[in-house]
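Trainee: Right, I'll just put the structure down here and ask away after.
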Amino acid sequence: MRIDVDDPELDMGLDQSLTYQGQLFTGETIEKNPRTGQVVALTTYVEGLEDGPLLEWYSDGTARAEGQCRRGIPIGLWRDWHPNGQLALEKEYGARGMVKSIKKWAESGELIDDRTFDA
472 MRIDVDDPEL DMGLDQSLTY QGQLFTGETI EKNPRTGQVV ALTTYVEGLE
522 DGPLLEWYSD GTARAEGQCR RGIPIGLWRD WHPNGQLALE KEYGARGMVK
572 SIKKWAESGE LIDDRTFDA
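Set out below in structure tokens:
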């Protein structure tokens with residue numbers, strides 16, 4: 472099932488769980504650009520929690536962000552891009568959602584931050 476984030480029957484609880492028509496939501500939510508109707512974000516949920524890919528795009532269709540969650544916890548490598556398509560951020564998460572490393576780049580492509588953490 473795919474639901475627009477603006478659907479009035481979609482609700483985010485205080486515990487960050489998502490419900491649709493009063494039931495924990497399993498499926499994908501999409502966000503659209505209000506001017507063009509183009510999909511600019513897609514998030515996957517299982518039983519009300521983010522579980523699976525999260526994808527975002529700029530209005531011109533180029534990638535803006537990508538990541539993955541498991542039972543509401545970020546896992547693996549998350550990436551953000553500058554509007555010019557240059558990689559802006561890589562953040563790696565460990566199994567419990569703790570940040571293991573962060574790398575940041577300027578729009579020019581210059582690496583401006585590179586840190587590793589105990590996770």
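Whatever position you read off the sequence shown (first residue = 1), add 471 for the numbering used here. Cβ coordinates follow ideal geometry from the N, Cα and C atoms, glycine included.
Just to confirm the assignment: which complete beta strand (DSSP E) runs, minimum length 3, are found wholly within the segment 534-590?
Mentor: Here the runs fully enclosed are 534-541, 544-552, 558-564, 570-576 and 582-587.
Trainee: Name the DSSP bridge partner or partners of G523?
Mentor: Working through the sequence shown from its first residue, we reach residue 523 at position 52. Answer by DSSP bridge pairing, in chain order: C540.
Trainee: So, does the segment 498-508 touch the segment 532-544, judging by three or more C-beta pairs under 8 Å?
Mentor: no
Trainee: Starting from V517, trace the beta strand (DSSP E) both ways and give me its first and last residue.
Mentor: Locating residue 517 in the sequence shown gives position 46, counting from the first residue. From DSSP, the beta strand (DSSP E) with V517 extends over V510 to V517.
Trainee: Going by alpha carbons, who is nearest to E578 out of P545, R541, R473 and A559?
Mentor: Numbered from 1 along the sequence shown, position 107 holds the residue referred to as residue 578. The option with the nearest alpha carbon to E578 is A559.
Trainee: Under DSSP, the beta strand (DSSP E) around D475 begins and ends at which residues?
Mentor: Counted from its first residue, the sequence shown places residue 475 at position 4. In this chain, the beta strand (DSSP E) harbouring D475 covers R473 to D475.
Trainee: For S572, tell me which candidate among F588, V510 and E480 has the shortest Cα-Cα distance.
Mentor: Taking the first residue of the sequence shown as position 1, residue 572 is located at position 101. Per the Cα distances, F588.
Trainee: With a CB to CB cut of under 8 Å and the five nearest residues on each side skipped, what residues in its chain are close to N555?
Mentor: By 1-based counting over the sequence shown, the position of residue 555 is 84. Excluding its 5 nearest sequence neighbours in each direction, N555 has C-beta neighbours in its own chain below 8 Å: E578, listed in chain order.
Trainee: Looking at C-alpha atoms only, which residue of L520, I501 and L548 is the closest neighbour of E527?
Mentor: Taking the first residue of the sequence shown as position 1, residue 527 is located at position 56. Nearest Cα to E527 within the set L520, I501 and L548: I501.
Trainee: Tell me which same chain residues have a C-beta within less than 6 Å of the C-beta of Q492, skipping the five on either side of it?
Mentor: The sequence position of residue 492 within the sequence shown is 21, counting from 1. In the same chain as Q492, and ignoring 5 residues on each side of it, the C-beta atoms closer than 6 Å to its own belong to E480, in chain order.
Trainee: Take V517 and list the residues in its own chain whose beta-carbon comes closer than 8 Å to its own, dropping the five residues that flank it on each side.
Mentor: Your numbering for residue 517 matches position 46 in the sequence shown. Excluding five sequence positions before and after V517, the CB atoms of its chain that fall closer than 8 Å to its own CB belong to T497, G523 and R542, given in chain order.
Trainee: Candidates V511, T515 and Q509: which alpha carbon is nearest L489's?
Mentor: Position 18 of the sequence shown, counted from the first residue, corresponds to residue 489. Ranking V511, T515 and Q509 by Cα distance to L489 puts T515 first.
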